[in-house]
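Per full-length UniProt numbering, the sequence shown starts with residue 1, numbered consecutively. Below is one structure, written out as structure tokens; the observations come after it.
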Amino acid sequence: MMKSSDSTVISVKETNTDTKAKAAAKGAPIVATSKVIKHEKRGWKRGVAIFDFILRIVAIAAALAAATVMGTTDQTLPFVTQFFQFKASYDDLPAFTFFVVANAIVTAYLVLSLPFSIIGIVRPQIVGARLLLLIFDTVMIAVSSAASAAAASIVYLAHNGNSTANWIAICQQFNDFCQRISGAVVVSFVAAVILMLLVVISALVLRKH
Numbered sequence: 001m002m003k004s005s006d007s008t009v010i011s012v013k014e015t016n017t018d019t020k021a022k023a024a025a026k027g028a029p030i031v032a033t034s035k036v037i038k039h040e041k042r043g044w045k046r047g048v049a050i051f052d053f054i055l056r057i058v059a060i061a062a063a064l065a066a067a068t069v070m071g072t073t074d075q076t077l078p079f080v081t082q083f084f085q086f087k088a089s090y091d092d093l094p095a096f097t098f099f100v101v102a103n104a105i106v107t108a109y110l111v112l113s114l115p116f117s118i119i120g121i122v123r124p125q126i127v128g129a130r131l132l133l134l135i136f137d138t139v140m141i142a143v144s145s146a147a148s149a150a151a152a153s154i155v156y157l158a159h160n161g162n163s164t165a166n167w168i169a170i171c172q173q174f175n176d177f178c179q180r181i182s183g184a185v186v187v188s189f190v191a192a193v194i195l196m197l198l199v200v201i202s203a204l205v206l207r208k209h
């Protein structure tokens, strides 16, 4: 006598809940990675913004020093004649007066730009403040470069003169005067170079957006 036994196969279908759980598990690392990338970008932009702020402080010191040194430069020779007193002052030459005014404008602008630079540190994702700085930094480059170049040409004439135009070199007599105006021009060029670096930094930050 033989007995037969029936076998029953039960199929279990995968529920929607399990599918969603697996999909969520697979997608979790991607979300985490994107958050890390965003955090790294913000950290890089914040570091650049801090460097921008430091450069602005240095540029303020350079432009202010250039304006102050040039604006307080004059020298009177110890000997006089009956009709002449030998004196050299910065305001005797319009190029030096323009130099002082231009560097004063650059200094004032850089001071006013510091709050916008701080905004770039606190909120590095903001584009408007960085774009505004880029535009005005470019304008200040033109102002600073023009003033420095005009003053540099006069300094060259003071040191070397021009025999064709019968302009004599005065630096042998007014040595202190020439040293001060030469130093002011050099410092002003330093401020102009820093402004160029600030424009490059702003352009790089905007390019990353």
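Cβ atoms here follow ideal geometry from the backbone N, Cα and C, with glycine treated the same way.
Same chain, Cβ closer than 6 Å to residue i, neighbours up to 5 away in sequence not counted
{"i": "Ser-89", "result": "Asp-74"}
{"i": "Thr-76", "result": "Lys-87"}
{"i": "Tyr-109", "result": "Met-140"}
{"i": "Arg-180", "result": "Val-69, Thr-73"}
{"i": "Asp-176", "result": "Gln-75"}
8 Å contact criterion, which residue i and residue j should meet: CB distance rounded
{"i": "Leu-55", "j": "Leu-198", "result": "6 Å"}
{"i": "Leu-206", "j": "Asp-137", "result": "Actually they do not touch by this definition, with Cβ atoms about 12 Å apart."}
{"i": "Ile-154", "j": "Phe-96", "result": "7 Å"}
{"i": "Gly-71", "j": "Val-111", "result": "With a Cβ gap of about 17 Å, Gly-71 and Val-111 do not count as contacting."}
Range covered by the alpha helix (DSSP H) that runs through residue i
{"i": "Ala-169", "result": "No alpha helix (DSSP H) holds Ala-169; DSSP gives it neither H nor E."}
{"i": "Gly-128", "result": "128-160"}
Local Cβ density within 10 Å of residue i, reported as buried at 16 or more and exposed below that
{"i": "Asn-160", "result": "exposed"}
{"i": "Pro-29", "result": "Residue placement at Pro-29 is poorly supported in this model, since its pLDDT is 48, which falls under 50; the coordinates are not used for a value here."}
{"i": "Ala-51", "result": "Rather than Ala, the amino acid found at residue 51 in this sequence is Phe. It is exposed - the Cβ of Phe-51 has fewer than 16 other Cβ atoms within 10 Å."}
{"i": "Met-165", "result": "The sequence given here places Ala at residue 165; Met does not occur at that position. Exposed is the call here."}
{"i": "Leu-204", "result": "exposed"}
{"i": "Asn-103", "result": "buried"}
{"i": "Val-185", "result": "buried"}
{"i": "Ser-113", "result": "buried"}
{"i": "Ser-202", "result": "buried"}
{"i": "Ser-117", "result": "buried"}
{"i": "Ser-163", "result": "exposed"}
{"i": "Ser-188", "result": "buried"}
{"i": "Ile-168", "result": "exposed"}
{"i": "Ile-135", "result": "exposed"}
Strand pairing of residue i, partner residues [DSSP]
{"i": "Ser-117", "result": "According to DSSP, Ser-117 bridges with nothing at all."}
{"i": "Asp-74", "result": "Ser-89"}
7 Å CB neighbourhood of residue i in its chain, flanking five on each side removed
{"i": "Ala-192", "result": "Ile-141, Ser-144, Ser-145, Ser-148"}
{"i": "Arg-46", "result": "Ile-121, Pro-124"}
{"i": "Leu-93", "result": "Ile-154"}
{"i": "Val-190", "result": "Ala-62"}
{"i": "Val-200", "result": "none"}
{"i": "Ile-170", "result": "Ala-88, Ala-158"}
{"i": "Ala-152", "result": "Val-185"}
{"i": "Val-58", "result": "Ile-194"}
Cut-off 8 Å between Cβ atoms - residues of its own chain near residue i, not counting five sequence neighbours on either side
{"i": "Thr-107", "result": "Ile-60, Ala-63, Leu-64, Ala-67"}
{"i": "Ala-49", "result": "Ser-117, Gly-120, Ile-121, Pro-124, Val-205"}
{"i": "Ile-126", "result": "Ile-119, Gly-120"}
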